[in-house]
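Chains as they are written, first to last, in my numbering: chain A, 4 to 355; chain B, 4 to 355; chain C, 4 to 355; chain D, 4 to 355.
Heads up, the beta-carbon is just placed ideally off N, CA and C, and yes, glycines get one too.
All values derive from a computational prediction rather than experimental measurement.
I have placed the structure first, in the form of structure tokens, so that the comments after it can refer back to it.
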């Protein structure tokens, strides 16, 4: 019963097969191979625009290169207080940007609100060059608490940000989980609602290691190739990431993978919610379930083979205040989650 | 007839098979999986010591993280003037080290000499903190001109470096090509002759993307995991690099791959040397051949399907001075080079 | 009626005289002159310990070099949310530290509380190296809202910080204003209550440009001279800063200057408090007065020659909520503030 | 007999007097004071153009901020191999530029030659983004060996640099010594011969601590104020540097100071040249004398009170090869050098 993380999963069979098939003869190195040319075009097509697409092997590299292309070292990137970039990437954002600053907002809520954003930006900065000023807004879709920003919410947030001249970045480590949740097109969830640059992750949804930085505003990409090279993220044998993306896009393979993961999460969530001593913290909108349950249950589930993390309860909604004998857990489903694992887990819970 | 670069090759069948086999179920992320534990131990074993072993996906990352662990931002790393770190990694060394400096020596010779090193270090620095001081010596084995430092040469260079308190780094992007050339053990070519930290590349010798940083002096590794994380080089699905290394080491697979590449290069070299209008610039000791030939030949070989690079003739030995109508080329063999390609190339040359 | 800032004042007559007197013949450069040797020793004496003392010309340099000596680029420095380092030094802390992070706490209160600090540190970091961890606590004495931490408060905060292995830095841009307010010794307000490294500012209290970094824990200073040099803060004609410090310390000149400034502030505060439409926001403990008054008054006072800043009212105590027709102002006194200016200002206010 | 360095001198009486006079009342801080406005305009006037002028307190800060405004972190600044920026400023250039690279040329000659520059630039860079490329040429006027580039030489060098798209920086730590040597105008020695940005030093020629960065191409200055602030080089009490520059420019005070220094150096040089066992290494064109003399003389001169440095003989012209019993010395004159000191020194030499 593996619900630890979607990055603990393996590689989808179709993607692994694509790697095997890409192992044909010689290919130009350093992104100049045929696979890379095709994959870049395929992604631009997928987004129905002339996006400038580049590949790297980790989400941290994708996020931080996107940020580094979008602000100066004396500026600020705003993000949710629980965002991956501020919470889980050490100080990589500072490293890549040459020392720009992150400012986390709304850490107590599951999403960044337009009100908070507008308030923060309206305060302004009295005395340049003394005060660092916001230049980027970074949004995570799925958020770190498994929530999906609606298209309206995204539009509202990007409108405010653009009004103040900010660039808007989307951390799309779980982009496709959000996409199938909203049932909209990649274009609709990005540049059509004002996203300027996207980190698109395939790794968590079936790939081996495949991340892309996608500039919808190509002028932002000017320094990208230099920044990627000098951070050691230009792969020599570049065909391998590209081959993964090609397979991921082919026949909407990504959708099948993400739908499966989300569906398992929904089942899991429903099963947990039925237990009178458990409760779901936020609506299960993607492939992550956040639940509060008695600590004794957690131990028991682990004893029965459940793999999952306890989650920092710092931003549980007040009405769900975790009591002394309880704890909050995060359960993540992936393309690889077996329906029987979900059933087993719920059974185990209800037996407890 | 592909002699462009060994990083244009694909993946060896055994390594690809290992990837397929590693695609079994769930594995802990971020280097905490079973494959990674085993691969780290296997490499330490291979080196017959308690080396501290870490994986990354590019040679630039491996080199630069090794450097960043070995000096302060106000110090200097000495290297050969044609070293990959100073010539082909943009300013990645400066980026990772927070602004340390590279100083290239002996750019006109195929290897760094002990005399130059001793002379450079003996000059000293009169007035700290005004002058940046050398703290690292980085050696490339195979060198960028395909030469192998003998064990005696390595020992002499590291002795001088250590005498001045320097850390010695080896860039082993083509480590195994050198190893089979010297026919010695990994330990003999590294810590036993004074190497403190090694960048070990498997990518150029049959892997997909697999590089390691190996600290023979474990105290140097103290900051490594932080530096790797903040440069975006900690892979979430870490098993994949590890699985490559395991397959590469298994049954001395690396040796078979490297021997093949070197052997093809020797054949190629011998065939070229026989042509009265061509000459080999430096002895072919690894998998790279450097030759001077008439420009007309180059065009003709390309017309017949030859893939290779012209090479900057800046450091051709004086006695081999490239004449007006000539140019220098680099021909690289890999595990994938077919003997018939070599034969074909030599035939084409002699027919020209 | 100048209450803009204490850094808008000139230089005390005694310090200017010292500069004139130091202009005698030749002196060694780069901190190796007699004045510098004497000033370093005099400051260590003043602190009654073997402090390691270094000079720079700005408070930002002093703060940021102190921070850079105290943490790694992947760590966090905690500070009050209104601290100068996080609010008024652009991203200099990130620049000097190579990309460490600042985390501002208690921005809504005039001082950082032990409760907040303990709470923040107790949360811990679950998964190194993913999460950046606190390694420094930076306290400002006088705070940016003119408050003085008592010796007990300092001791409580440093105890908590040390319990978690943090280094404690004090930003003493207005150190002497706090010192005369507490009427204690320099040692009592620093290392005796757990301060590890201090930025000591003389500039705001009568000097031309004279700041010191003082390491009470000399092991922290190991990299200082290199960091100062490479940030361009090693003055060649070093005697001039040292001569200022010597004059500032001589016969407790600093005390006379700071007492005067604080006393003027107290007078000013008392005069404002008497006006029924004005109120003092925080007790006037140093040389800064924070008051709320009708906006009409502000205009009128400026028309009569009053120089001062409106202040961001973001962290006014709730019970003092600034009403629509009011605004908050900051009035700073310096060694140069004339008693008649204070009288004039109060008269003008009461006439309004 | 002080010939150690011109930064061991004091402050000219006129400049000290100006500081005393500037100590009048309150002044806006952070470069917004009247003195600063006037000094910026005065310098632009002096250069007969709309230069964008900014002040800092050290030459290293001026040089490094100028460089940081002129290239990207993945580019190269070319300079003479003995330039101050590469030899005497630790790794400050790397720090300020975020990790750009310096490449020293012609270290064996007293000046950088157009031939070397053209050759270096003509080699080009084959494979972006793998190779760092030159983006800045930095020239030192006076050079570190006391030589003056003629206007023709400057023009030739800047023409070549501009042809390849480089920005040309001049390190003018001893700008006025060169200016009086060439007897031309500030404009003629800078933007009229193609200099784009200048570090202008007054410190070595009579000021206390006063350096300026002067952008003749104002578009280069866009990031300057942010970079100065975040490197801690924006002084709060900014009037003091400005007052020095005003006094330095007034009535061509700088000229009088520089003429004196150069004249003393010429006398000294002539006196040394007359000694049959001594020889002048390069023509004495500014305020520095480089001479070879018997080691025994050096000791004897020091015993008689001579203060000066031995100089690294690494780039003595071949025809002057320093023999076993000889050494090379540098003797620097300043505005403060007394004619009697020169006479005394020559007498002492000839008595030896």
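Check: Exposure label - residue 189(B); buried when at least 16 CB within 10 Å; Outcome: buried
Check: Pairwise C-alpha distance: residue 80(A) and residue 106(A); Outcome: 6 Å
Check: Residue 350(C) - containing beta strand (DSSP E), residue span; Outcome: No beta strand (DSSP E) contains residue 350(C), which is instead part of the alpha helix (DSSP H) from 342 to 354.
Check: Which listed residue (164(C), 172(C), 151(C) and 214(C)) has its alpha carbon closest to that of residue 187(C); Outcome: 151(C)
Check: Three-way DSSP call (helix, strand, coil) for residue 57(B) in this model; Outcome: strand
Check: C-alpha gap between residue 165(A) and residue 121(A), whole angstroms; Outcome: 11 Å
Check: Closest residue to residue 21(B) among 307(B), 248(B) and 161(B) (Cα-Cα distance); Outcome: 248(B)
Check: C-beta neighbour in chain D for residue 333(C), strict 7 Å; Outcome: no
Check: Spatial neighbours of residue 137(D) in its chain, beta-carbon cut-off 8 Å, leaving aside the 5 residues before and after; Outcome: 78, 79, 80, 81, 106, 123, 124, 167 and 169
Check: C-alpha gap between residue 262(C) and residue 336(D), whole angstroms; Outcome: 45 Å
Check: Exposed unless 16 or more other CB atoms sit within 10 angstroms - verdict on residue 322(D); Outcome: exposed
Check: Beta carbon proximity, residue 38(A) to chain C, threshold 7 Å; Outcome: no
Check: Residues of its chain near residue 230(C), where Cβ-Cβ distance is below 6 Å and the 5 sequence neighbours each way are ignored; Outcome: 68 and 71
Check: Close beta carbons around residue 76(A), own chain, < 8 Å, minus the five adjacent residues each side; Outcome: 100, 101, 102 and 103
Check: Residue of 34(D), 36(D), 41(D) and 4(D) minimising C-alpha distance to residue 253(D); Outcome: 41(D)
Check: From 179(C), 280(C) and 34(C), residue whose alpha carbon lies closest to that of residue 146(C); Outcome: 179(C)
Check: Contact list for residue 103(A) against chain C, beta-carbon separation under 8 Å; Outcome: 94 and 97
Check: Rounded Cβ spacing between residue 13(D) and residue 339(D) (contact assumed at less than 8 Å); Outcome: 6 Å
Check: Beta-carbon proximity list for residue 116(C), same chain, < 8 Å, skipping 5 on both sides; Outcome: 109
Check: Contact with chain C by residue 137(B), beta-carbon distance below 7 Å; Outcome: no
Check: Cβ of residue 91(C) within 7 Å of any chain A Cβ; Outcome: yes
Check: Backbone CA spacing between residue 312(D) and residue 8(D) [nearest angstrom]; Outcome: 9 Å
Check: Option in 279(A), 341(A), 306(A) and 39(A) with minimal Cα separation from residue 270(A); Outcome: 341(A)
Check: Against chain D: residues of the stretch 120 to 133 of chain B by CB proximity under 9 Å; Outcome: 126, 129, 130, 131, 132 and 133
Check: Distance between beta carbons of residue 195(A) and residue 290(A), contact taken as under 8 Å; Outcome: In fact, because the Cβ distance is near 24 Å, the residues do not count as touching under 8 Å.
Check: Segments of 3+ residues assigned as beta strand (DSSP E) that fall wholly inside the stretch 173 to 224 of chain C; Outcome: 200 to 204 and 214 to 218
Check: Cβ-Cβ distance between residue 3(B) and residue 251(B) below 7 Å; Outcome: This structure cannot speak to residue 3(B), because chain B is shown only from 4 to 355.
Check: Closer than 7 Å at the beta carbon, the chain B residues around residue 233(A); Outcome: 93, 94, 95 and 98
Check: Beta-carbon proximity list for residue 287(D), same chain, < 7 Å, skipping 5 on both sides; Outcome: 149, 268, 269 and 272
Check: Cβ-Cβ distance between residue 132(D) and residue 228(A) below 7 Å; Outcome: yes
Check: Exposure of residue 16(D), with buried meaning 16 or more beta-carbon neighbours within 10 Å; Outcome: exposed
Check: Residue 63(B) versus residue 237(A) - alpha carbon distance; Outcome: 9 Å
Check: Segment contact flag, the stretch 47 to 55 of chain D with the stretch 215 to 222 of chain D, C-beta cutoff 8 Å, min 3 pairs; Outcome: yes
Check: Candidates 198(C), 6(C), 46(C) and 59(C), of which the one nearest residue 232(C) by Cα; Outcome: 59(C)
Check: Cβ-Cβ separation, residue 294(B) to residue 208(B) (assumed contact under 8 Å), whole Å; Outcome: So it is not a contact: roughly 22 Å between Cβ atoms.
Check: Per DSSP, the bridge partner or partners of residue 78(A); Outcome: 136(A)
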